[in-house]
Every structure is written in structure tokens, then in C-alpha cells.
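Participant:
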Amino acid sequence: MPEPIVKVVNVSKSYYRDVLEIPVLHDINLDVHEGQFMALMGPSGSGKTTLLNLLAGIDQPTAGTLSVAGEDISHLNEGDLAKWRARHIGFVFQFYNLMPVLTAFENVELPLLLTSLSRRERKEHVEAALSIVGLADRMDHYPRQLSGGQEQRVAIARAIVSDPTLILADEPTGDLDKQSAEEILTLLSRLNTEYKKTIIMVTHDPRAAETAQITRHLDKGELDG
Amino acid sequence: MKVLKLVSKNAMRRKLRTFLTILGLALAVMAFGLIRTFIYAWYAGAREASPDRIVTRHSASIMFELPLAYKERILQIDGVKNVTFANWFGGYYVDPKNFFAQFALETSTWFEVYPEFLVEPDQMETFNAERNAVIVGRGLADRFGWKIGDAITMIGTIYSGDWDFVIRGIYTGKREDTDETLFFFHYEYLDEWIQKEWPGYGSMVGWYAIKIDDPNRATEISAAIDKRFDNSAAETKTETEKEFQMSFIQMASAIIIGLKIISYLIIGVMLLVMVNTMVMTARERISENAFMRTLGFRGYHLVGLILGESLFIGVLGGILGMILLTLVSKVVAVALSVYFPGFQADFLTYMMCIIGAFIVSLVASIFPIQRALRIKIVDGLRVVD
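The listed protein sequences correspond, in order, to chains A and B.
Going by the numbering used here, the residue at position 115 of the first sequence is 120; the numbering climbs one at a time, nothing skipped.
Going by the numbering used here, the residue at position 30 of the second sequence is 66; the numbering climbs one at a time, nothing skipped.
#1: Can you tell me where the beta strand (DSSP E) with A/S17 in it begins and where it stops?
#2: Within the 7 Å Cβ cut-off, does B/T330 reach chain A?
#3: According to DSSP, what are the bridge partners of A/T208?
#4: If we count Cβ pairs, one from each stretch, closer than 8 Å, do we get three or more for the region 187-206 of chain B versus the region 158-174 of chain B?
#5: For A/P169, count neighbouring Cβ atoms within 10 angstroms of its own Cβ and tell me buried if that reaches 16, exposed if not.
#6: Name the two residues that bound the continuous beta strand (DSSP E) containing B/H94.
#7: Considering only the alpha carbon of each residue, which of B/G236, B/A393, B/M287 and B/I248 lies closest to B/V309?
#8: Beta strand (DSSP E) containing A/V37: first to last residue?
#9: Are the CB atoms of B/T217 and B/G181 nearer to each other than 7 Å?
#10: Taking C-beta pairs closer than 8 Å, name the residues in chain A that B/F284 reaches, listed in chain order.
#11: Would you mind working out which of A/A109, A/P116 and A/G69 sits nearest A/K88, comparing C-alpha positions?
#12: Answer yes or no: does any C-beta atom of chain A fall closer than 7 Å to that of B/I342?
#13: Under a Cβ-count criterion, where at least 16 other Cβ atoms within 10 Å of its own Cβ denotes burial, should A/V97 be classed as buried or exposed?
#14: Which residues in chain A have a C-beta closer than 7 Å to the C-beta of B/R334? List them in chain order.
#15: Give the residues from the region 124-140 of chain A that approach chain B closer than 7 Å (Cβ to any Cβ), ordered along the chain.
#16: Mind checking which residues open and close the beta strand (DSSP E) that includes B/H337?
#17: Would A/P177 and A/I189 qualify as a contact pair, given that the criterion is a beta-carbon distance under 7 Å?
#18: Could you work out which residues of chain D lie near A/R90, taking near to mean beta carbons separated by less than 8 Å?
#19: To the nearest angstrom, how far is the alpha carbon of B/V65 from that of B/S144?
#20: Tell me whether A/T203 is buried or exposed, calling it buried when 16 or more other Cβ atoms sit within 10 Å of its Cβ.
#21: CB A/G62 to CB A/K53, shorter than 7 Å?
#22: In the region 306-327 of chain B, which residues sit with their C-beta less than 9 Å from some C-beta in chain A, listed in chain order?
#23: Using a Cβ-Cβ cutoff of less than 6 Å, which residues in the same chain neighbour A/H148 once the five nearest sequence positions on both sides are dropped?
#24: Is the distance from the Cβ of B/A140 to the Cβ of B/F221 below 7 Å?
#25: Can you find a C-beta in chain B that's less than 7 Å from the C-beta of A/P175?
#26: Does A/P66 have its Cβ less than 7 Å from a Cβ in chain B?
#27: DSSP state of B/F221, grouped into three classes?
#28: By how many angstroms is the C-alpha of B/E148 removed from the C-alpha of B/D227?
#29: Identify the contact partners of A/V113 in chain B, using a Cβ-Cβ distance below 7 Å as the criterion.
#30: Looking at B/S397 and B/A381, is the spacing between their C-beta atoms short of 7 Å?
#31: Could you tell me how far apart the beta carbons of A/A5 and A/L140 are, in whole angstroms, since I believe they sit closer than 8 Å?
#32: Listed in chain order, which residues of the region 394-418 of chain B have Cβ atoms closer than 8 Å to some Cβ of chain A?
#33: Out of A/T198, A/R90, A/G69 and A/L196, state which residue places its alpha-carbon closest to the alpha-carbon of B/M328.
#34: Considering only the beta carbon of each residue, do A/T55 and A/K18 sit closer than 7 Å?
#35: For a contact defined as C-beta to C-beta under 9 Å, what are the partners of A/M104 on chain B?
#36: Do B/I257 and B/G115 come within 7 Å of each other at the CB atom, strictly closer than that value?
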């Protein structure tokens, strides 16, 4: 069995309100292997998004270690984490988080501005990503000119454009109608099966979770199994 | 996609707000520039003063006159090259609103001591040959549509009554900032009237303008002149032409200080307008900035974007303000040509405007930058736009 691409060992996370400790995650252990598509389910407040934020390197655990792509990110400083995120993480948000003043092309190009790619190379990458999500003909459209489903597809194109190690999706269908949600789930599934992308998706929706190969449940900060 | 493009797109995200901010800044910059130009124009006389000229007046006040006989005695003092004199006339043309400076002067020496007033030789010849001839500045002639040969009547206020003149010359300035709104006529014409109407008060002059051989000796020569007239009926005060002009300016020092304070307050208004816009921007972009950081953008990227946006708005406002300043100062220059001849914003004023706009932009971006950098990514992502 190869080493997991994500290895979470005894991770706990607490928030503090003044001196009051609010525990969110307790002693989490999780392995995700390359090419897996995992759904994290659980009720509101169970700690799903907190765990996803820890995996994305935008929050730090109170205890335990997190390794992603062979690197322990629990102790990286802010600058190193930023570089690490740019290289390894593609993030898909529930509310898309597209820049309203940028076209679909420019939104997808954003992560590539942090790389040393030339303008021509960036263009090739962006066009390829938008083709994968089926929006090659909409690259000059602004977010306001797209439907919710199309906006989320642009967000997915942005998440994959730099070919990250791991795609993290936080309720990617939470703001979509049924048909659009199914399209997004199909797209994520395709990314996993055709392009061998490792995906961890947080969701409330059991039907969405069915798309994934593995489903793990979080409840009151504890992971099943 | 370039960073500048993103900056400009961000700045134009709320077009109305950005437009109103730029307009507000432009008006503030224009107002600041106009006030600085007023102050600059106020000092025009002192700036134009020649270092090789000194002025002798009555020690008590310019309101008191000096004997005409002092001229020959001043000429004898070592270092004095030439002496001329003048009297303030204080009349108006047709209507009291038509005010401008008029001087009765010794025409044979005046234009030697003041070579910046250029008169055609043939005009000077006819002017010298006629008792009530007058030479006026090009600006003044243009203002009233006067031409050479025109007969005009001035109404005297100090020397009351109608005064008939014939325009025999129109001077132009040697330098761009030479005052071209003055009215020069023969001292003899005025003195004859005084001798006739106010017997015993004639042969007096308002002040002497003295050309000296070495500007470095101005203090020494001034002291020598004043010493010559110590303990006389009319003691003198001699100073450089610049000091002489400044003594008039100092009379309005409270106004100038007031104007300076207002100009700094305008900078404060600019800052408030700009800070208000940038604070609103910061509030709207909390989650967007957090998202940028999620992608891997660093703090200095956000600093560049926020600072760039602030500078984009501020510098555009500054440039528009300077364009408005140029246009409005041309209108003001025409309207106030009598009081402020050559009213025009100078290079330093333009520099102050653009540097002011630049500094205001920098300061206005401090709070949004601080906010964008301090907030944790996870907290920022929770904020709903």
C-alpha cells in the first residue's frame, strides 16, 4: 500500500473565546490515498469545514500533525503555507468566490499569476481547464453573466488549473439547484476518474456523498471508524 | 492579466462611488491649488523685485511724502547709479469698479531704473513730448480696449476732479511675470495740479526707487541714505525693493495665514473623502482578500492591490484637479487681473497638488491594508459580502 497523500494523525482543534475553550475536533486520524474521492459528511457544527480548512493549510491544529503530499504542514509559517497552498491545493467554495470584476478566463488565471508560467503558457492552461469543465465558449463572460452552476464550474476550473495535489470542496453543491448540483457532482467525479484527481468534499447531501468512493462521517468533532 | 489591470478593475467596481471620490478629490485639489496660487500671486511683487534696486520712503509711513530735493542728495551717495521717483495717484476710470494702479513718475529716469517695462522708442518719444501723455500696460489696454491716441478721462480720488490723458504708449513686460496692468504718467502733470490746488504741498514725491551698483552693498547704501537724512524734517527709511514689497504683503499677513490654514484643511478633507472610500472598500473585500490568500497570494500582494487601488483613485483625482485648476485659474486670472496680474498656478503648486494627492492615497490605504493583513483567512472567508 503506498503512503497516503493526506495523513492526519491525532489532530485536535479548539477555538478560544476569551479564556473559554471550544473544542471542535477531537483526536482525528485520517488517511487519504492518491486518486481517492472522499466525502466528509456530518451535521452542522460537526467540524467538517474546520477539518477541511486544516487540510487546506488555512488554519492550524491545536494538537497533532497533518501531512499533505509528504510535507508536515502543522508547523509551517504563514509565508511557507501560502507557497504550499499555491502548489498543492485547489479549493472549491460553496459560494464560488469568483472575482466579479474578472472574466471567467481571468478568474481561472488567478492562481497561475503566482507561478513562473509565461503568458502563452497560462493561456493554454486556462483554456484547457475551462474546456474540461465545458465552459470554453464562456471564457470572456463575467460571473454575473453566468448561472450558478456555470459559476461553480469556473471555480472548479480555477481549482484544477495549476494541477494541484489535492482538491478540497466545501459544500460545492450547497448553493445550486438539483440539476446544476448533479452537473457539478458529475464533473467532480470525472475529475477523479478521468484525471485521477484526489478530492475531499464536505457535504450535507447524502446524494452528493454517493458520488464519492469513500464517505466518512464527522459528529461532534469525532470521525467515525 | 496584469496587476495594474486588476487594480483598475477593482477601482472601477463601484463606478459611481469611485467617480464621486475622484470628483471630490479633484475639487479639493483644485481648491487647494487655487488658494496656493492666490498666495503665490500675493507675493508676486516681492518675487519680481530686482536685487539691485532699493526704495527710500518716509520713515514714519509710505503715507507721508518726501521732498523732491532729496533726489540730488541721494545721487551723491557712493554706490547709487540712478534715482527715480513716483507718486501714487489713486483714481479710477469711468466707474470706481475700474480700479488699477496709477503712478505719476519721473519719466526721464523711470524706464532706466525699471528696464523690465518695454516701450517702443517712437512711443516713448511722443510720450515725453506731451504733458498729459500716458503709457499703459498691454493687459490694461486690452482690458479697456485702449489704443494709442485714445483720449481718456480719469477721475481722481486723492487729487479730485477729472484728469484728461492721451495714451501715447503701451508697454509690455520683459519677463512673463512682469505686471502689465500699470498706468504711468508725468510727475509734472500731477505736481502742477498740486501747486495750483494745494499751494505749499508741491514738489513732494511718494518714494524714491534707487538703482545701485552692487546688490551686495544694498544694506550699506541703504544705511548711508538714511543717515544722510537723519534729523531732517522728513527722515527716511531705505530698504531693498523686496523688503519694500513685503511690507505691503505683511499688512495682509493674517489673511495669508488664514488662507494657508484653509489650504491645509482642504488636504484634511481630501484625506477624509479618500479614507471613507477605502474603508468601505476594505469592508466589502474581507472575504475576497481571504480567498486570495487561500489561493496562495501573500500579504505583499494584497498590499500592492489595495495601495494600487488607492493610488489609482487618488492620482486620477489629483490629475483631474490639476486640469480643473489650470482651467479655473485662467478664468480667475481674467476676473482678477487688476488685483492679481499674471494669476497662474506655478510649478510648485502643481507639484504640491500631485504630491498631496499621492500622500493622501498612501495614508488612506493604511487602514484597509492593516485590516486585510490582520484578519485570519478562516475568519475572512466566513464574512458574507
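All C-beta atoms in this analysis are idealised placements derived from N, C-alpha and C, irrespective of residue type, glycine included.
It should be emphasised that the depicted structure is a prediction, and the values quoted were computed from it without experimental measurement.
Facilitator: Inspection of the coordinates gives the following:
#1: The count along the first sequence starts at 1 and reaches residue 17 of chain A at position 12. From DSSP, the beta strand (DSSP E) with A/S17 extends over V11 to R22.
#2: Counted from its first residue, the second sequence places residue 330 of chain B at position 294. At least one chain A Cβ lies under 7 Å of B/T330.
#3: Here residue 208 of chain A refers to the residue found at position 203 of the first sequence. Note: A/T208 sits in a beta bridge opposite A/M46.
#4: yes
#5: The residue labelled residue 169 of chain A in the question sits at position 164 within the first sequence. The residue in question, A/P169, is buried, as its Cβ has 16 or more Cβ neighbours within 10 Å.
#6: Within the second sequence, residue 94 of chain B is the residue found at index 58, counting from 1. R89 to H94 is the span of the beta strand (DSSP E), which, as asked, contains B/H94.
#7: As a working mapping, residue 309 of chain B is identified with position 273 in the second sequence. Nearest of B/G236, B/A393, B/M287 and B/I248 to B/V309, Cα basis: B/A393.
#8: Here residue 37 of chain A refers to the residue found at position 32 of the first sequence. Run containing A/V37: L25 to V37, per the beta strand (DSSP E) assignment.
#9: Residue 217 of chain B sits at position 181 when you count from the first residue of the second sequence. Residue 181 of chain B sits at position 145 when you count from the first residue of the second sequence. Not in contact: B/T217 and B/G181 (Cβ atoms no closer than 7 Å).
#10: As a first step, residue 284 of chain B must be located in the second sequence, where it is residue number 248. What B/F284 touches in chain A: nothing, since even the nearest Cβ is about 57 Å away.
#11: Here residue 88 of chain A refers to the residue found at position 83 when the first sequence is read from its first residue. Among A/A109, A/P116 and A/G69, the Cα nearest to that of A/K88 is on A/P116.
#12: Within the second sequence, residue 342 of chain B is the residue found at index 306, counting from 1. With 7 Å as the cut-off, B/I342 does not count as an interface residue toward chain A.
#13: Locating residue 97 of chain A in the first sequence gives position 92, where the first residue counts as 1. Counting Cβ neighbours within 10 Å, A/V97 comes out buried, since at least 16 surround it.
#14: Mapped onto the second sequence, residue 334 of chain B falls at position 298. Per Cβ cutoff of 7 Å: G84 and A87.
#15: none
#16: Here residue 337 of chain B is taken as the residue at index 301 of the second sequence, counted from 1. Unbroken run through B/H337 is the alpha helix (DSSP H), G335 to A371; no beta strand (DSSP E).
#17: The count along the first sequence starts at 1 and reaches residue 177 of chain A at position 172. The count along the first sequence starts at 1 and reaches residue 189 of chain A at position 184. A contact, by the Cβ cut-off of 7 Å.
#18: The structure shown contains no chain D; its protein chains are A and B.
#19: As a position in the second sequence, residue 65 of chain B is number 29, starting the count at 1. As a position in the second sequence, residue 144 of chain B is number 108, starting the count at 1. Their Cα atoms are separated by approximately 47 Å.
#20: Taking the first residue of the first sequence as position 1, residue 203 of chain A is located at position 198. Buried, by the Cβ-count rule.
#21: As a first step, residue 62 of chain A is located in the first sequence; it is residue number 57 there, counting from the start. As a first step, residue 53 of chain A is located in the first sequence; it is residue number 48 there, counting from the start. Not a contact, by the Cβ cut-off of 7 Å.
#22: S323, E324, A326 and F327
#23: Here residue 148 of chain A is taken as the residue at index 143 of the first sequence, counted from 1. Before going on, a small fix: residue 148 of chain A reads as Pro here, not His. Only L103, P105 and E156 meet the Cβ criterion.
#24: Residue 140 of chain B sits at position 104 when you count from the first residue of the second sequence. Residue 221 of chain B sits at position 185 when you count from the first residue of the second sequence. Against a cut-off of 7 Å, the Cβ pair of B/F221 and B/A140 comes out as a contact.
#25: Here residue 175 of chain A is taken as the residue at index 170 of the first sequence, counted from 1. The amino acid occupying residue 175 of chain A in the given sequence is Asp; Pro does not appear at that position. No - not a single Cβ of chain B is within 7 Å of the one on A/D175.
#26: Working through the first sequence from its first residue, we reach residue 66 of chain A at position 61. No, A/P66 lies away from the interface with chain B (no Cβ there is under 7 Å from its Cβ).
#27: Within the second sequence, numbered from 1, the residue matching residue 221 of chain B stands at position 185. The answer is strand: DSSP assigns B/F221 an E or B state.
#28: Position 191 of the second sequence, counted from the start, is the residue given in the question as residue 227 of chain B. Position 112 of the second sequence, counted from the start, is the residue given in the question as residue 148 of chain B. If you take the alpha carbons of B/D227 and B/E148, they lie about 22 Å apart.
#29: On the first sequence, position 108 is the one that residue 113 of chain A refers to. Neighbours of A/V113 on chain B: none; closest Cβ ~10 Å, over 7 Å.
#30: Locating residue 381 of chain B in the second sequence gives position 345, counting from the first residue. Locating residue 397 of chain B in the second sequence gives position 361, counting from the first residue. It is not a contact, given that the beta carbons lie outside the stated cut-off.
#31: Given that chain A is displayed from residue 6 to residue 230, the structure contains no residue 5 of chain A and the question cannot be resolved.
#32: K412, I413, V414 and L417
#33: In the second sequence, the residue the question calls residue 328 of chain B occupies position 292. The shortest Cα separation from B/M328 among A/T198, A/R90, A/G69 and A/L196 belongs to A/R90.
#34: Here residue 55 of chain A is taken as the residue at index 50 of the first sequence, counted from 1. Here residue 18 of chain A is taken as the residue at index 13 of the first sequence, counted from 1. Yes, Cβ-Cβ distance for A/T55 and A/K18 is below 7 Å.
#35: For the purposes of this step, residue 104 of chain A is taken as residue 99 along the first sequence, with counting starting at 1. The answer, in chain order, is L42, K45, N46, E324, F327 and M328.
#36: As a position in the second sequence, residue 115 of chain B is number 79, starting the count at 1. As a position in the second sequence, residue 257 of chain B is number 221, starting the count at 1. In this structure, B/I257 lies closer than 7 Å to B/G115 by Cβ.
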